[in-house]
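Structure record follows, encoded as structure tokens.
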Amino acid sequence: MKKTFTKVVKSAKQRPSIAGVHYTNERIEVTDAHVAIIEELKTPLENSFDILINLEGIPSVVDYPELKRLVPTDNKNIFVINIPMLEAIAKINRKEAQIELESDGTIGGQKVGEFEQLEGFEHISFDPKYVLWLLEYAKESGQKEHIKIELNDSAVRPAVVHFEQRETLNTFIITPMRLYAGKI
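What follows is the structure in structure tokens.
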């Protein structure tokens, strides 16, 4: 199991209905309500099943949320992240409540990438912990230098990164933090 899966499941331990790895004949998925990872099989298995297995290996049958409905389809902004640079910024700011990506491709004045497509985007904030999970997952998926994150023009809609593997199409969803009047 990928390290990132384990971190997400441990983070969800207070919510037994999602605290585990959800397996079906079509996908493997985890969430802690702040991030979600969906690994969709390119060739689904023949026999249908739906089971949640916790970190102790104990299976249970639960009504797991339909994570695919959370994947935004209207994110028009595409930001190409420099993984080493963003990782350094996120680690430095690990204890901060949030890090904010600006439309000029900077976080706290440091350039962390370039917009490939920019349409109405101003800024978005994320918990540094979840940014580090995204970068760890990217590395586990074979991405070492750059990834493309899809963003909405709204600072409250989830961001998404897609990874294609040999046998799966993977999606990492990260929810932004809301900025309040005093924090803008």
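Under my numbering, think of the first position of the sequence shown as 3, with each following residue one higher.
Even glycine gets a Cβ: it sits at the ideal position worked out from N, Cα and C.
TODO: Tell whether a beta-carbon distance below 8 Å holds between residue 77 and residue 133.
DONE: Contact flag unset, no.
- [ ] Tell me, please, whether the segment 47–58 touches the segment 88–100 by the rule of three or more beta-carbon pairs shorter than 8 Å.
- [x] These segments do not touch.
Open item on the list: Tell me the DSSP secondary structure of residue 21 in three-state form.
Closed with: Three-state result, residue 21: coil.
Task: Integer Cβ distance of residue 100 from residue 128, believed to fall under 8 Å - done: About 6 Å separates the two Cβ atoms, so the contact holds.
TODO: Over the uninterrupted alpha helix (DSSP H) stretch that includes residue 170, give me the two end residues.
DONE: Segment 170–176 is the beta strand (DSSP E) holding residue 170; no alpha helix (DSSP H) there.
- [ ] Could you check if residue 154 is buried or exposed, using at least 16 other CB atoms within 10 Å of its CB as the buried criterion?
- [x] The residue is buried, with at least 16 neighbouring Cβ atoms inside 10 Å.
Open item on the list: Any contact between the segment 160–178 and the segment 38–55? By contact I mean 3 or more CB pairs, one from each, below 8 Å.
Closed with: Yes, they touch.
- [ ] Helix, strand or coil for residue 69, going by three-state DSSP, please let me know.
- [x] Of the three classes helix, strand and coil, the one that applies to residue 69 here is helix, per DSSP.
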